[in-house]
Amino acid sequence: MNDTRERLLDAALRLYAERGLDAVSLREINQAAGARNATAVQYHFAGRAGIINAIFARHVPEVDARRHALLDAYEAAGGGVRDLAGALVRPLAARLADQAGRDFLQLWAEVVNRPGPVVPAAVLDDPSDSLCRWRALVEPLLEADAARLHRRFTAIRSASIELARRARSGPHTDDRLFTSYLIDVVAGILAAPVSEETRRLAAERDAARSP
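Put into structure tokens, the structure is as follows:
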């Protein structure tokens, strides 16, 4: 039974990376995994959200451990925006080294960039998660308006898109230049000043929303 579950996870991740979440049915995952029971995904995972949660549970702990280590070093020695940009990018970029990791990066980017959630918010917003810790450490370095306009999510989303693009074009013999440049880009996003035009438009929006 555990073997069937693992084969379902392998098949789902591969198909989601190749074709996207909306183009893959549970039936196709069953078939690709060689599951004899037509309801195997439903039995093991209770549907698409469950299998995505299980894929994350398989891949995210390694990313979390790497990021927590970088954040520990940041808190111990201090640093700046680029150090925190590196703590966002490097743990994910390490997954470029193998096919399963590259497939995960493509699924991760799709989940992060979807307009509606396909997994419970708690999966992506767990206070013990390294990404939540990262967000808390970044906030004091941002302008108040930048934080209010979700600058951290812009950085996360941009990094996810670029990592997925790199994953799709891989494998590459050396990802160091790509990783360093992406860290530069993310640091630039975090540190970019908020223009007066943006401040004015944000104030107008907030005023229109006020009761």
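Going by this note's numbering, the first residue of the sequence shown is number 401, and it counts up by one from there. For each residue, glycine too, the CB sits at the ideal point set by N, CA and C.
Residue i: CB within 7 Å of a non-hydrogen atom of the ligand PLP
i      : result
Arg448 : This structure simply doesn't include the ligand PLP, nor any ligand for that matter.
Sequence-distant residues of the same chain with beta carbon closer than 6 Å to residue i, five excluded per side
i      : result
Leu541 : Val481
Met401 : For Met401, the pLDDT reaches just 49, beneath the cut-off of 50, and the residue's location in the model is therefore unreliable, although a value from the coordinates is still provided. None.
Glu539 : Ala547
Arg552 : Arg535 and Val538
Residue i to residue j span [Cα, whole Å]
i      : j      : result
Ala432 : Ala411 : 6 Å
Gln506 : Arg568 : 7 Å
Ala509 : Leu484 : 20 Å
Arg565 : Ser595 : 29 Å
Glu543 : Val586 : 15 Å
Ser425 : Asp529 : 30 Å
Val428 : Ala454 : Here the sequence assigns Glu to residue 428, which means Val is not the residue at that position. Taking the straight line from one Cα to the other gives about 18 Å.
Tyr581 : Asp575 : 10 Å
Ile451 : Glu604 : 42 Å
Ser610 : Gly570 : 48 Å
Arg514 : Ala476 : 35 Å
Asp498 : Thr573 : 11 Å
Reduced DSSP category for residue i - H, G, I as helix; E, B as strand; rest coil
i      : result
Glu543 : coil
Thr404 : helix
Thr554 : helix
Pro611 : coil
Ser425 : coil
Pro593 : coil
Pro491 : helix
Arg599 : helix
Asn453 : helix
Gly480 : coil
Asn430 : helix
Leu549 : coil
Ala446 : coil
Asp526 : coil
Asn513 : helix
Gly501 : helix
CB-CB length for residue i against residue j, believed under 8 Å
i      : j      : result
Ile561 : Val489 : The pair is not a contact, with the Cβ atoms about 12 Å apart (cut-off 8 Å).
Leu563 : Ala493 : 6 Å
Ala602 : Asp545 : 6 Å
Ala465 : Tyr474 : Going by Cβ atoms, the distance from Ala465 to Tyr474 rounds to 15 Å, so no, they are not a contact pair.
Contacts around residue i, its chain only, beta-carbon distance under 7 Å, and the 5 residues preceding and following it disregarded
i      : result
Thr579 : Val489, Arg490 and Ala493
Arg436 : none
Own chain partners of residue i with C-beta closer than 8 Å, once the 5 adjacent residues on each side are dropped
i      : result
Asp606 : none
Ala440 : Thr404, Leu408, Asn430 and Ala433
Arg599 : Asp545
Val438 : Rather than Val, the amino acid found at residue 438 in this sequence is Ala. Around Ala438: Arg427 and Asn430.
- Cβ contact check for the region 455-467 and the region 557-577: 3 or more pairs under 8 Å: The region 455-467, when compared against the region 557-577, does not touch it at the 8 Å Cβ threshold.
- Does the region 428-445 come close enough to the region 466-474 that 3 or more CB-CB pairs lie under 8 Å? Cβ pair count under 8 Å is below three, so no.
- Is the region 473-493 close to the region 582-595, with three or more CB pairs under 8 Å? In short, these stretches touch, since the Cβ pair count reaches three.
- Query: Hey, is the region 412-421 in contact with the region 488-503, meaning 3+ C-beta pairs nearer than 8 Å?
  - Reply: Because the criterion of three Cβ pairs below 8 Å is met, the region 412-421 and the region 488-503 touch.
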